[in-house]
Structures are given as C-alpha cells and as structure tokens.
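With full-length UniProt numbering, letter number 94 in the sequence shown gets 94, and the count goes up by one each step, no holes.
The beta carbon of each residue, even a glycine, is placed where N, CA and C say it ideally should be.
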Amino acid sequence: MDKKGEKRMDEWFEKQRREMLQIIEKFTPGDGTYNTEIHGLRLIRSSRLSEPVYSVYEPSLCVVAQGSKLVMLGKEVYQYGPSSYLTASVHLPITGQVVEASNETPYLSLQILFDMNQILGVIQASADAIQAGNETSRGLKVSRVNDTLLDAVLRLLKLVETPRDIPVLAPYAMQEIIYRVLQNDNSASLKQFAVIGSHAQRIAGVVEKLNREFAQPLRVEELAAEARMSTSSLYDYFKEVTGMSPIQFQKQIRLQEARRLLFSGSIDAAEAAFQVGYESPSHFSREYARMFGLPPVRDIRRLRSSIV
C-alpha cells in the first residue's frame, strides 16, 4: 500500500474508532461496566488509572476505543489499546489494570462474550472448517485489529442505539465478528477450543471444572482421566493454555473468591478460608498476603478505603 493508501486507511480507522468511542461514552454515564440489551455485549468506562483488579476472564473479545489496559496472566503481561484487541478462549484468572485514562479522555472499551457453540457453528459453516488436533496455545492473546473486524464490531455496537433491530440483526453481527476473529492468523487456538475432541477443548473442560469446583481437593489423576490424558500430558497442556499449573490455577481462583466474600462483609477470614477450600486459616492468610500484598483484614480495609 502506498502512502496515500496508508493515509486513507488511517483516516478511516480513526473515523471508526471515534464513532465507537461516542457510542460507548453515550451509554456509560459513569465509571463501571454496563450490560447492554445485546446479549453478551458489555461496555466499560474508567476515568482514572486503576489499581490491579483480580477477576476471571470469560471467553470473550475485548476492544478498546480509547485508553489502554494491562492484563497479567500468571507471570505474563499483555497490553492492548485502540490498535489491538484481546481474545480469551477459556475462563482464566487474571489481574487487570487500566494504565491510560483521565477525566478528559476516559478509558472506553467493549467486551463481547463468546459462546463456544456459536464459534463451532461458524467454523462448520465456513470453508475454513478444521479437524480436532493436537494444537494448544495460550488461552489469552493480543492481536492487531484490522478494518474488517473493526467494521463488524462497530456494526454490532450501533445496534445499541436501535433496540428494535437487536433481535433480528445482532445474531448476524455476532456471527460476522466471530468469523473475522477466526480469520486472524493468531486465532488457531480459539478454533481448537471449540472443536470437540481437540486437546485444547479437553483442557477447556478441565478449566471449567476447576472454576466450578475450586473448593474441592485437587486430584490431578482424576482430572487427567476425565480429559483422557496422562497426568504429565495434562500438566503440560494445561500450562500451555493457562500459563500456570493446575494447583497454581486453583489457588488463584480460591483466593479471588475469598477476597470477594470478605469484601461483601458477611464473613470473617477464617470462614472465607474454609468456604474456598483451605483447611488451615493461617495457611490461607499467608497465601492471601503473598497474592494481594497484605493479610486479609488489612487488604479489605485498604480496598474499602480506596473506593470511598
């Protein structure tokens, strides 16, 4: 592409970004996360830099209209802004932090939750159908946004302004977005997670089980048997997808849930420890402080004071 072509593309991209920004700003009256009338579409706004926020990412696509966000998975760091997008293929415990935002130019983004059946349907309907294989890769990726994907995302977002069109047009817009993501060279893992019988799909099942039954004792041999893998293969593939071992994954899920319970104010640290699967409150407190930087009581006090 020559310089004139590049300039036209940059101008087009900026026009699309600004239109996306205006719609998100219109439907996010204050800082926070807002569900829309489109199933699976969330809008996010933050007018200030954030402290690290611990959460579990669902399978989704995240696109930024303004600002920048940093996401940590285990020891790995991912950063994305308007020129890139993030895809999560499985439920992953992450640490997220808005690193570029202000009152004048708030962080504005959207998240589109994926349904694996939708992804599989798009794969089966396209000429790019694939067979179950041995490929596995990280369940979190940052890729460069392109014009076709941005156009499809904006088309879905515009439907928020015309609710009567949502039942008919939203499913088609969602299909196109999934198709455009799958066309990306970096999306091979997303395809594999949706294909029944693939190693990635079996690891996704293990991830779902650990998210659902995090308080239960971890028995890797049983997980491996359910995934139809040896224990060593399960460990290797699990670490390839999540960036951590099953034990480390379970620990993050447990501690994040304990923090949520403590912040709600309904139970004390010892009860939170037992509810998430710890037998020893002192062991729980040590691991909690190692992850969040302070023991439970002091951490919750700091959290509450930060939002007053």
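- In the DSSP assignment, G121 falls within the alpha helix (DSSP H) that extends over M116 to A125.
- Under a 10 Å Cβ-count criterion, D10 is classified as exposed, with fewer than 16 other Cβ atoms of the shown protein chains found around its own Cβ.
- Secondary structure of N211 (DSSP, three-state): helix.
- Apart from sequence neighbours up to five positions away, the residues of its chain that approach F114 with a beta-carbon distance below 6 angstroms are P59 and S60, ordered along the chain.
- In the three-state reduction of the DSSP assignment, A152 falls in the helix class, which pools H, G and I.
- In its chain, beyond the 5 residues on either side, S245 have a beta carbon closer than 7 angstroms to the beta carbon of K239.
- Between L210 and I253, the gap from beta carbon to beta carbon is short of 8 angstroms.
- Judged by DSSP secondary structure, Q79 falls within the beta strand (DSSP E) whose first and last residues are E76 to Y80.
- Judged by beta-carbon spacing, R219 lies beyond the 8 angstroms limit of Q111, meaning their Cβ atoms are not closer than that value.
- With respect to the 8 angstroms criterion, L157 and I247 are not classified as neighbours on the basis of their beta carbons.
- Taking Q118 as the centre and dropping the five residues before and after it, the same chain places the C-beta of M174, Q175 and I178 closer than 8 angstroms to its C-beta, in chain order.
- Under the criterion of beta carbons closer than 8 angstroms, G30 and S89 do not qualify as touching, at roughly 31 angstroms.
- Residue state for T242 is assigned as helix, using DSSP reduced to three classes.
- Under the DSSP assignment, V181 falls outside any beta strand (DSSP E), being part of the alpha helix (DSSP H) whose first and last residues are I166 to Q183.
- Cβ-Cβ separation between I300 and F274: approximately 17 angstroms, too far for a contact (criterion under 8 angstroms).
- Across the structure, V53 and S137 are spaced so that their CA atoms are roughly 25 angstroms apart.
- Counting other Cβ atoms within 10 Å of its Cβ, Y172 stays below 16 and is therefore classed as exposed.
- Counting along the chain, P296 sits inside no beta strand (DSSP E); it lies in the alpha helix (DSSP H) bounded by residues P296 to S306.
- Sorting N103, V56 and L108 by C-alpha distance to the C-alpha of Y80 places L108 at the top.
- Setting aside the 5 residues that flank it on each side, P163 is surrounded in the same chain by E37, each with a C-beta closer than 6 angstroms to its C-beta; the list follows chain order.
- With contacts defined by Cβ atoms closer than 8 angstroms, G96 and V56 do not form a contacting pair.
- At the C-beta level, T87 and S143 come within 8 angstroms of one another.
- The C-beta distance from I203 to V160 rounds to 34 angstroms, too long to fall under 8 angstroms, and the pair is not in contact.
- Here DSSP, grouped into helix, strand and coil, assigns M72 to strand.
- Contact annotation, V297 with A269: C-beta distance approximately 6 angstroms; criterion of less than 8 angstroms satisfied.
- Beta bridge pairing from DSSP links T95 with Y54 and M72.
- Per DSSP, reduced to three states, the secondary structure at Q111 is strand.
- Excluding sequence positions up to five before and after M116, its CB lies within less than 6 angstroms of the CB of A194, all in the same chain and listed in chain order.
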